[in-house]
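Shown next, in structure tokens, is the structure this report addresses.
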């Protein structure tokens, strides 16, 4: 049994993944490659239905069904959907009821200390903007994600505006305030490739909490905001991960 098969059978792993993935469109990054040498990304079942996860046993079942493709990393959409029963459901923006804003911080693993510093600066800026109780930080393997809980945006606002538009505008607003400073401070002359990007789009997926990285033997963990200065990549070891459920907290209407 390979690492992924064994790892995803852990009850605490499957539960955490499902808690995040409910009502989201799931994708599975596989180690198997296609005829063009590209890693396979599975997003639909055999009946062309979007992949979903609704219970912990679904995680184990999905990994077993795709065993021949060697499933590795599990992703879920930034969008949350009212229905996910056909391919048309993920094509309709009217079917989206919420969206999770995410700042994607990409870097080499060797530059992890700079990555953490960027996370701290993002968290600090969001705090100054009045958003602090709904913010979470994830170590994704080589880089990090800073996310705002989708419920931080009031239902009234989400009825007036498309949730993806809200998420995109939120990420872009903060990015424009912080990106020039970040690029100058952390990317110049350090030999790394640190980037902070707005990747919000209709089909965007991000790594599920406790998913394995697609290549590295590390997992996606949530780091408590007040412990960012204590973090090391060793927290993301599959056999001894340190993971917080802080990503579940939010204050409605905070954002």
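Numbering (the numbering used here), first residue to last: 101 to 355. Think of the CB as a built atom: it goes at the ideal place given N, C-alpha and C, for glycine as much as any other residue. Nothing here was measured: the structure is a model prediction, and the numbers come from that model.
With respect to residue 237, residue 246 sits close: the two C-beta atoms are nearer than 8 angstroms.
Beta bridge pairing from DSSP links residue 341 with no other residue. Residue 319 and residue 278 have their C-alpha atoms some 28 angstroms from each other. According to DSSP, residue 307 shares a beta bridge with 175. The three-state reading of DSSP puts residue 150 in strand, counting E and B together. In the DSSP assignment, residue 238 falls within the unbroken beta strand (DSSP E) covering 235-239.
Residue 141 is bridged by DSSP to 129. Here DSSP, grouped into helix, strand and coil, assigns residue 198 to strand.
Judged by their CB atoms, residue 214 and residue 107 are not nearer to each other than the 8 angstroms cut-off. Each of 140, 125, 299, 139 was checked against the Cα of residue 154, and the nearest Cα belongs to 125. Sequence-distant partners of residue 264 (beyond 5 residues in either direction) whose C-beta falls short of 7 angstroms from its own C-beta, in its chain, are 179, 193, 196, 199, 300, 302. The Cβ atoms of residue 248 and residue 174 do not sit closer than 8 angstroms to each other. The shortest CA-to-CA distance from residue 104 to any of 128, 258, 122, 224 is the one to 128.
A residue is called buried once 16 or more other Cβ atoms fall within 10 Å of its Cβ, and residue 191, having fewer, is exposed. In terms of Cβ geometry, residue 142 and residue 130 form a close pair [threshold 8 angstroms]. DSSP lists no bridge partner for residue 259. For residue 221, the enclosing alpha helix (DSSP H) has its first and last residue at 212-228. By the C-beta density criterion, residue 304 is buried, having at least 16 other C-beta atoms within 10 angstroms.
The alpha-carbon of residue 333 is positioned some 32 angstroms away from that of residue 144.
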